[in-house]
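Take a look at the structure below.
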Amino acid sequence: MFLALASISLAEVIWIDDLESGNIDDWTITGSMNWALYDNEFQAHSGDFSLQYNYHAPWPHDTRIITRAFTLPEAGEFQFTWWWSGSYNYFVQQNNGDAFTEVIDMNGGNWIVLWSEEDAGVYTGFEWYEQTENLDSSWSGKTVQFAFHIIATDAHYWYIDDTMLSYTTNALESVTWGGIKAAIQ
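Take the sequence shown: its letters are residues 6 to 190, numbered as in our numbering.
As C-alpha cells, then:
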C-alpha cells in the first residue's frame, strides 16, 4: 500500500470591507470625530469610497476608527490586510502626526501596534500601498478588533480602503486512488 503525505494551506476570508456599501456601520470612531466615509473615486483604492482622516480644530487629535469584533477560529495563522494612502508631507516631513494599525484582545489587554506609517519609510504621498500584518496562532480563538489610530497636531489626508481579515490553516484529508489510500495534511 502507498501512503502519500502532503501539506496544503487553505486561505479563508473572515471579513472584507471595500466600503462600497456607502456606510461605515461595521466601524466605531473614538476620540475626535475626524474619520469619515469619503466619496471620491480619486481617493479610493477601488470603487468610489474610502475611509478618510482629515483635520479639524481643535488639536491635538487622538482618534481611532475601529472594526467590529471578530472571534478568530481555533486554529490558524491570521492576516489583516488593507490599502492606505496619505500625505507624506503632513505626516512625515513636517512630523505633524503618526498613523498606526493596532489590534486588541477584547477579553483583556491593551492596543498592540501592528504597523506605523514610519514602517513604510519614504513613500510617495497619495499613492496607494497594500499592507498585510500577520498574527500568529497564539491569537487563535480570541475575540479581537482592529483599529486605524491617528495621533496628530495638524496632520491630515490619510485614507484607508479594502480591508480584509483572513486566515490560513493546514488541511487534513484522506484520499483514495484506486486501492491506494493517502492522507493529505
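For glycine and all other residues, C-beta sits at the position ideal for the given N, C-alpha and C.
It should be emphasised that the depicted structure is a prediction, and the values quoted were computed from it without experimental measurement.
- Within the same chain, Cβ atoms closer than 6 Å to the Cβ of L140 are found at F83, the five residues on either side in sequence being excluded.
- Under the 8 Å Cβ criterion, the stretch 128 to 140 does not count as touching the stretch 61 to 71, having fewer than three qualifying pairs.
- Three or more beta-carbon pairs separated by less than 8 Å are not found between the stretch 71 to 80 and the stretch 120 to 131, which leaves the two stretches without contact.
- Residue burial annotation: G91 is buried, with at least 16 other C-beta atoms found within 10 angstroms of its C-beta.
- Judged by beta-carbon spacing, I155 lies within the 8 Å limit of Y58, meaning their Cβ atoms are closer than that value.
- For the 8 Å CB-CB criterion, D31 and T86 do not form a contact.
- With respect to the 8 Å criterion, D166 and L42 are not classified as neighbours on the basis of their beta carbons.
- In summary, F47 is exposed, with fewer than 16 beta-carbon neighbours lying within 10 Å of its beta-carbon over all protein chains present.
- Per DSSP, the beta bridge partners of I117 are V108.
- Residue burial annotation: T148 is exposed, with fewer than 16 other C-beta atoms found within 10 angstroms of its C-beta.
- With distances taken between CA atoms, S143 lies nearest to Y172 out of N28, S51, H161 and Y172.
- Around the beta-carbon of S55, 16 or more other beta-carbon atoms lie within 10 Å, marking it buried.
- Just so you know, the alpha carbons of S51 and M169 end up roughly 14 Å apart.
- Each of T158, N100 and G27 was checked against the Cα of A62, and the nearest Cα belongs to T158.
- Setting aside the 5 residues that flank it on each side, F151 is surrounded in the same chain by T72, F85 and V108, each with a C-beta closer than 6 Å to its C-beta; the list follows chain order.
- Taking the CA atoms as reference points, A16 sits about 7 Å from T174.
- The Cβ neighbour count for I70, taken over all protein chains shown within 10 Å, is at least 16; the residue is labelled buried.
- Secondary structure note for I70: its beta strand (DSSP E) is the uninterrupted segment H66 to T72.
- Assigned with DSSP and collapsed to three states, A125 falls in helix.
- With respect to the C-alpha of Q99, the residue from M111, S145, G126 and A160 having the closest C-alpha is A160.
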